[in-house]
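Residues 149 to 460 in our numbering are what the sequence shown lists, from first letter to last.
Glycine included, C-beta positions come from ideal geometry on N, C-alpha and C.
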Amino acid sequence: MDCRRNSEDELKGIWQSWDEAKKTRFQEKYGDVAQLLFVKLHDALLKAMVCFGDPTYRCFTFNEVDIVLTIKEYSTLLLYDFRDPLRRYWKLNVDFWRPLANLMGVPVDTVKARLKDKNGHCISWSDIRDAIGKASGDRHLALFAFAVYRLIVFPKALGYVSVELANFLFQIEKGVNPAPTVLVETIISLYFIRRKGDKCFLGCAQLLFIWMKSHFRCLYKRFRQVFVPSTKPIEEFLETKWPPNQSIEEWFQNLSTLTYQEIEWRAPWMIRSTVLIGCSGHLWVPLTGIWRAISYSSLMVLRQYGYGQCLI
């Protein structure tokens with residue numbers, strides 16, 4: 149499994165050039181997604197854990213332990229847990245060339261002329277980068293969010309940004325929680341790796357890495373603090389010292405012998421609150437991604453909230 153790398157250094161440079169007031173404005177509008185730029189991936193862990201993915205139940209089964217990615221966890225990591233976590237992205241069948249042109253500050257014909265077909269209409273990162281350099285105010289923040297989400301969170305085509313992502317960004321600005329959509333694309337990519345033999349992981353590797361590490365027992369106090377609304381889990385993860393990296397073989401051995409006692413069922417940054425476990429009486433909840441959709445067994449999250457395992 150390969151994790152695609154997309155212009156992180158350029159995006160880091162843009163973020164680091166901002167003052168604290170501008171960073172705060174960005175976080176208020178788009179959550180903590182920019183911090184994903186600074187997460188250093190341990191490819192060995194990601195490659196090992198993918199071998200334990202269960203495509204049918206959308207979970208990981210490590211020896212006697214099954215654990216599932218949850219909307220609640222991803223919402224908390226992205227700092228959307230205290231907004232309206234149940235407002236979700238819905239794909240609209242409309243033309244987004246004009247809104248994208250307005251976002252970039254160029255004529256519609258210019259956007260159309262620069263489009264490339266990369267399994268869908270895309271525009272190059274260099275065009276977005278040039279637009280970021282010329283923009284100011286809220287448009288500057290929106291273009292940066294557009295780039296981060298496409299190049300880091302949804303790395304479908306190296307060096308290109310899908311025009312379909314414009315709709316996703318506009319819905320985030322209206323209060324839609326991005327976490328379910330991020331989760332969908334992650335789960336689908338894991339499915340294609342396990343079932344179809346795909347080599348590239350097209351989900352957000354940074355969030356998946358933080359999620360997995362968060363479920364191992366952490367001996368460092370800072371990352372074990374009780375979660376409060378002012379907590380920023382990704383930033384605290386970055387500031388925490390972790391044990392030395394291991395090889396793929398070592399991780400594979402550890403995961404294949406994992407026991408209940410070695411798992412942190414509730415990530416240390418999670419709080420007790422309402423959890424989605426069904427939809428109109430159906431245990432499998434439909435979720436929409438940018439390009440595809442899945443059914444999600446929300447009932448399985450109960451094990452991570454203090455109940456018995458649900459996989460039978």
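| Query | Result |
| --- | --- |
| Mind checking whether L185 and K160 have CB atoms under 7 Å apart? | yes |
| Could you tell me the distance, in whole angstroms, from the CA atom of M418 to the CA atom of I358? | 13 Å |
| Tell me C207's beta-bridge partners as DSSP assigns them. | D202 |
| Whose CA, out of E212, L227, N211, C207, lies closest to the CA of T218? | C207 |
| Is R246 closer than 7 Å to V254 when the C-beta atoms are compared? | no |
| Looking at the unbroken beta strand (DSSP E) that takes in P434, where does it start and where does it end? | 432-436 |
| Starting from S395, trace the alpha helix (DSSP H) both ways and give me its first and last residue. | Run containing S395: none; DSSP gives neither H nor E here. |
| Where T209 and I396 are concerned, what is the direct C-alpha to C-alpha distance, given to the nearest angstrom? | 17 Å |
| Answer with buried or exposed for A169, where buried requires no fewer than 16 other C-beta atoms within 10 angstroms of its C-beta. | exposed |
| When we look at the beta-carbon of P303 and count the other beta-carbons within 10 Å, is it buried (16 or more) or exposed? | buried |
| Please report the Cβ distance between F244 and N325, rounded to the nearest whole angstrom; I am assuming they are in contact, meaning their Cβ atoms lie under 8 Å. | In fact, because the Cβ distance is near 20 Å, the residues do not count as touching under 8 Å. |
| Within 10 Å of its beta-carbon, does K177 have 16 or more other beta-carbons around it, so buried, or fewer, so exposed? | exposed |
| Might you give, ordered along the chain, the residues of its own chain that have their beta carbon closer than 8 Å to the beta carbon of L386, omitting 5 neighbours on each side? | Q183, F186, V187 |
| I want to know whether the region 259-267 touches the region 408-417 - three or more CB-CB distances under 8 Å. | no |
| Could you compute how far the alpha carbon of F174 sits from the alpha carbon of M252? | 18 Å |
| Going by DSSP, what residue range makes up the alpha helix (DSSP H) through H288? | 285-296 |
| Of all the options V216, A327, W163, which has the alpha carbon lying nearest to the alpha carbon of E412? | V216 |
| Span of the alpha helix (DSSP H) holding A353? | 353-362 |
| Find out if the Cβ-Cβ distance for the pair V309, L435 is shorter than 7 Å. | no |
| Where does I300 land, buried or exposed, given buried means 16+ other C-beta within 10 angstroms? | buried |
| Closer than 7 Å by C-beta to R277: which residues in its own chain qualify, once you throw out the five before and the five after it? Chain order, please. | E158 |
| Using the Cα positions of S445 and Y339, report the straight-line distance between them to the nearest angstrom. | 15 Å |
| With the cut-off set at 7 Å, would you say L226 and V181 are in Cβ contact? | yes |
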